[in-house]
Each structure stands twice: as structure tokens, then as C-alpha cells.
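Asks:
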Amino acid sequence: MNRKYRKLPRNTNYSAYLHPRWWPTWLGIVVMWSVSRLPIRVQWWLGKVAGLLALRLARSRRHIAEVNIRLCFPELTTAQQSALVRKAFIANGIGLLELGIAWFRNPARLTGITRVHGLEHFEKALSEGRGILLLGGHYSTLDLGGSLVTEFIEADVMQRDHNNPLMNAVMTRARERRYGQALSARDLRGLFRSLKKNRAVWYATDQDYGRKDIVFAPFFGVPAGTITATSRIAERSGCKVVPFSHFRREDGPGYDIYFHPALEDFPSGDDLQDATLINQTIEREVRRAPDQYLWMHRRFKTRPDPDDPGFYGRR
Numbered sequence: 118m119n120r121k122y123r124k125l126p127r128n129t130n131y132s133a134y135l136h137p138r139w140w141p142t143w144l145g146i147v148v149m150w151s152v153s154r155l156p157i158r159v160q161w162w163l164g165k166v167a168g169l170l171a172l173r174l175a176r177s178r179r180h181i182a183e184v185n186i187r188l189c190f191p192e193l194t195t196a197q198q199s200a201l202v203r204k205a206f207i208a209n210g211i212g213l214l215e216l217g218i219a220w221f222r223n224p225a226r227l228t229g230i231t232r233v234h235g236l237e238h239f240e241k242a243l244s245e246g247r248g249i250l251l252l253g254g255h256y257s258t259l260d261l262g263g264s265l266v267t268e269f270i271e272a273d274v275m276q277r278d279h280n281n282p283l284m285n286a287v288m289t290r291a292r293e294r295r296y297g298q299a300l301s302a303r304d305l306r307g308l309f310r311s312l313k314k315n316r317a318v319w320y321a322t323d324q325d326y327g328r329k330d331i332v333f334a335p336f337f338g339v340p341a342g343t344i345t346a347t348s349r350i351a352e353r354s355g356c357k358v359v360p361f362s363h364f365r366r367e368d369g370p371g372y373d374i375y376f377h378p379a380l381e382d383f384p385s386g387d388d389l390q391d392a393t394l395i396n397q398t399i400e401r402e403v404r405r406a407p408d409q410y411l412w413m414h415r416r417f418k419t420r421p422d423p424d425d426p427g428f429y430g431r432r
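Heads up: take any position in the sequence shown, counting from 1, add 117, and you land on the numbering used here.
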């Protein structure tokens, strides 16, 4: 079904999803809504259980995480790598439960346990008047962290639409309540319009999108296919690229949001140099909380030489 619906236009009108074939998805949405009403400590506990179940049952994803962590943290012992894989599944399980808060609750209720660092860097970049690309990453707090950010700044977001149209409708409507716009990842015209209005746009580049328009820049010392679109966008619009991240605190319920100074001399005119800087920036943030990164994605799927053996193989 994923491939069948991938190219369908967005339809965020819920009346389009009343057919019985959507009932299983509606059931899942109702469960998410219900869980989002629970105390946050209970949600974190349920997320931990969900993460440990996924660790046991989602063997292919566990294998991907094991390979990624082995490649990115060769200095760790085998036992330490295994422990990090386990913590990553727990963190992403909690992140899955936090979707309900981001989509169905007002994250303003969490601002009392949220700390923002470096907001002055964002404000300085915005004062330039050319718009901002918020250089984010796929952390386990992806949706909730993004929603919390909008309690402190105004921003739009670029998203990869969900393969399930109903789930995509729920996600898009939820994000449009928090952000100014939820732009499709392919809507470059919309992106440039936002930047021209001196808007900030949440933008993530840290996944493997195939061999088109990429260079191979090191990520944790491993050549990773990295898109060059960030440089093209900054070059054409003159916008500032401001790194930011968001993490769940480990010492108790709470969240930290980090803004950093805009990238200097960016774009440089050298795609590899720019991509290396971007990957180094994201790597620095990942090291704050290594378990809260999406290690279940095949980040090194595309190899520099198509004939090179893949890292992931078959489990």
C-alpha cells in the first residue's frame, strides 16, 4: 500500500477517510490520542516498553541500528555498543509515544519543563532579513521537540509526507496548528517564498536520499551520501543556516532546545566542504545524547562506488 499511495496528492479532509479500509488506521489514531492524555511519566514508561518490544521483534531495524552504531562508535566495546542500541530503541519508543502530545495536545503545557539555549543566535540571524534554514536532525524528539520550538519562535516546516494518506492528514493538520506552514519536501517554491518573507523553515538533511545530487562527506568518519540542496538553497536565497537540536532530559521529565550561531562562510562554493560542515554540525549534536538519534535508518545505504558491498546486507 505504501508505494500505491506515495504519489497521491495530500488530502487533509477527514471525510475522505470514512471507508472501512481506514478503520485500522483510525483505531491506531484513537489509541495515540488516548495515550497522549496520560501523565508524561506514564507515557515515558509505556514508550520504554514499546522500545524494548521493538528491539526484540523488529529484527531488521535492530540490525540496521547495530551496524550504524558499530560504524559510528568503533571506540566502544561490543557490550557498550549493544547497550547503546538498547537505549536507542527505548529513546525512540518514547519518541513514538510523544507523537501523541505533539499531534493532539498543546505542547505549551510542557514549556515549564523546557529549557532553551542560544535563542540569541536565532534572533541575530533573523535580523539579517533573509530568512533562516533551521538545520535539524532526526532525533527521537522529532515531532514533540519541533512543536516545543514553536512556543519560542515562529517557523514553517518541510516534511516528507507519510505513505499512509490518513496518517499524513493527521500529521499535516497537527503540524499546521503549530507551524505557519507544513511544506512538502518537494515544495521548493513554497520554501523560497517563506524565506523571502524572512521566515524560519525547519529543514533536515541527515538521511540517505539516494545517489541524486549528493556528495560523500564524512559522518562519524564514514562517507555518507549527503544532499547538496542546502548549499543551493542558501546560495539562491541568501538565507542564514542555523543549527538547532532538541533532546529529552535524562535526569527527569523535561526537554532542552539548542540554537547555535549561523554557519559561517556558507555556502563556500565547495559542495563537499559544505556537506562536511553540515555533517560535523549534526554529529556534534548527536554526541550530546547518542541514544536519541534515529539509528534505525540506513544512513550509509548509498556507497561511494556502486560496486562496493553494502554495510547492511540481509539479516
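For each residue, glycine too, the CB sits at the ideal point set by N, CA and C.
Quick caveat, the model's predicted, so the values are computed rather than measured.
Identify, in the order they occur along the chain, each residue of the same chain with its Cβ nearer than 8 Å to the Cβ of L135, setting aside the five sequence neighbours on each side.
Replies: As a first step, residue 135 is located in the sequence shown; it is residue number 18 there, counting from the start. The beta carbon of L135 sits closer than 8 Å to none of the beta carbons in its chain outside the five residues before and after it.
Asks: What residues in its chain sit with their C-beta under 8 Å from that of T398, if we drop five residues either side in the sequence?
Replies: Translated into positions along the sequence shown, residue 398 becomes position 281. So the list reads L252, P360, H377 and L380, once near-sequence residues are dropped.
Asks: Name the residue from L170, W143 and K204 whose alpha carbon lies nearest to the alpha carbon of E367.
Replies: Indexing the sequence shown from 1 puts residue 367 at position 250. When only C-alpha atoms are compared, the closest one is K204.
Asks: Quick check on DSSP: helix, strand or coil for Y122?
Replies: One-based indexing of the sequence shown puts residue 122 at position 5. Only weak support exists for where Y122 lies, its pLDDT of 38 falling under 50; the value from the coordinates is given anyway. Three-state DSSP puts Y122 in a helix.
Asks: Measuring only the C-alpha atoms, how far is E84 from V318?
Replies: Lying outside 118 to 432, the shown extent of the chain, residue 84 is not represented and no answer is given.
Asks: Do G217 and M149 have their beta-carbon atoms positioned less than 8 Å apart in this structure?
Replies: To locate residue 149, count along the sequence shown from 1; it is residue 32. To locate residue 217, count along the sequence shown from 1; it is residue 100. In contact: M149 and G217 (Cβ atoms closer than 8 Å).
Asks: Leaving out five residues before and five after R247 in sequence, what residues of the same chain have Cβ atoms less than 6 Å from its Cβ?
Replies: Counting from 1 along the sequence shown, the entry for residue 247 is found at position 130. Closer than 6 Å at the Cβ level, and outside the excluded window around R247, lie G355 and C356.
Asks: My guess is that T267 and G327 are in contact by the Cβ rule of under 8 Å, so how many angstroms apart are they, rounded?
Replies: Taking the first residue of the sequence shown as 1, we reach residue 267 at position 150. Taking the first residue of the sequence shown as 1, we reach residue 327 at position 210. That belief does not hold up - the Cβ atoms of T267 and G327 are roughly 31 Å apart, past 8 Å.
Asks: What would DSSP say about R432, mapped onto helix, strand or coil?
Replies: Walking along the sequence shown from the start, residue 432 turns up at place 315. Here the model assigns R432 a pLDDT of 45, short of 50, so the residue's position is not dependable, and the following value carries that caveat. DSSP places R432 in coil when its eight states are reduced to three.
Asks: Determine contact between the segment 219-233 and the segment 186-193, defined as no fewer than three beta-carbon pairs at a distance below 8 Å.
Replies: no
Asks: Straight-line CA distance for P340 to S132?
Replies: The sequence position of residue 340 within the sequence shown is 223, counting from 1. The sequence position of residue 132 within the sequence shown is 15, counting from 1. Cα to Cα, P340 sits roughly 46 Å from S132.
Asks: So, helix, strand or coil for K329, using DSSP?
Replies: On the sequence shown, residue 329 is found 212 positions in, with the first residue counted as 1. Three-state result, K329: coil.
Asks: Are A167 and L201 closer than 8 Å when you measure CB to CB?
Replies: As a first step, residue 167 is located in the sequence shown; it is residue number 50 there, counting from the start. As a first step, residue 201 is located in the sequence shown; it is residue number 84 there, counting from the start. For A167 and L201, no; Cβs fall outside 8 Å.
Asks: Just grab the DSSP bridge partners of S311 for me.
Replies: What you label residue 311 is simply residue 194 of the sequence shown in a count that begins at 1. None; S311 has no bridge partner.
Asks: Per DSSP, what kind of secondary structure is W162 in: helix, strand or coil?
Replies: Your numbering for residue 162 matches position 45 in the sequence shown. In this structure, DSSP gives W162 a helical state, which the three-state scheme calls helix.
Asks: Please state whether the Cβ-Cβ distance between Y296 and V274 is less than 8 Å.
Replies: Position 179 of the sequence shown holds residue 296. Position 157 of the sequence shown holds residue 274. Going by C-beta atoms, Y296 is nearer than 8 Å to V274.
Asks: According to the neighbour-count rule (16 or more other Cβ atoms, all chains shown, within 10 Å of its Cβ), is E271 buried or exposed?
Replies: On the sequence shown, position 154 is the one that residue 271 refers to. Exposed.
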